[in-house]
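Colleague:
Numbering (my numbering), first residue to last: 2 to 203.
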């Protein structure tokens, strides 16, 4: 994390380990060609890409208190610090409700290209359809102010999609409606195809 830790400083981090019945593991084994990817909207940059954002602010001599028409009424700092959308409870409720979820991918560092293929079987890929979900204004602002190419943006940020669930094509509309009713905008953003665990289309 460039520019975050001073010389001689260190960080202490923790983690949790969960236990699940083997029969309930979402290990990708149930995913089939033709299943679709449902993207759940993010609330902003979440916890990734801050080093790049800080660099853009520094290079352009900006202040976190600056306001930009593209970002609405909030300051730049307020937009960047928008609390991260947490998906745990909606996903638990979805599983309890019987919604057929075959796989999931949390879109963190590395963006869609690095995280989404991880939930697939080795002989599968995902074909993404750009334009099927809205790119949040903060990402448009970062790309413009930092002159960041689209590929780099998608490899650094979530670009408006914080979590992806894989469901049967026949359950796409039902799944989207279910998450929308939970207050999370959802979009059909791609389809499972034959391949080598790659993301195609970006």
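All C-beta atoms, glycine included, are put in the ideal place defined by N, C-alpha and C. Note that the structure is predicted; figures quoted are calculated from it, not measured.
1) Can you check which of these residues, 48, 53, 42, 41, is closest to residue 144 by C-alpha distance?
2) Ordered along the chain, which non-local residues of its own chain (more than five positions away) have a Cβ less than 7 Å from that of residue 161?
3) Give the single residue among 148, 73, 166 whose Cα lies nearest to the Cα of residue 38.
4) Let me know the secondary structure DSSP gives residue 53 once reduced to three states.
5) Here's a check: name, in chain order, each residue in its chain whose Cβ is nearer than 6 Å to the Cβ of residue 147, leaving out the five neighbours to either side.
6) So, at 6 Å on beta carbons, what are the nonlocal neighbours of residue 156 in its own chain, with the 5 sequence-adjacent residues on each side left out?
7) Does the structure place the segment 20 to 40 close enough to the segment 184 to 196 that three or more beta carbon pairs sit under 8 Å?
8) For residue 149, collect the residues of the same chain with a Cβ closer than 7 Å to its Cβ; drop the 5 residues on either side in sequence, then sort them by chain order.
9) Hey, could you find the ends of the beta strand (DSSP E) residue 164 is sitting in?
10) Cβ of residue 37 versus every heavy atom of the ligand PLP: is any distance shorter than 7 Å?
Modeller: Taking the structure as given:
1) Selection 48, 53, 42, 41 evaluated against residue 144 yields 53 as nearest (Cα-Cα).
2) 42, 43, 134, 135, 136, 137, 140
3) 166
4) helix
5) 57
6) 112, 114
7) yes
8) Once the five neighbours on either side are set aside, the close Cβ partners of residue 149 are 143.
9) 162 to 168
10) The model on display carries no ligand, and the ligand PLP is accordingly not part of it.
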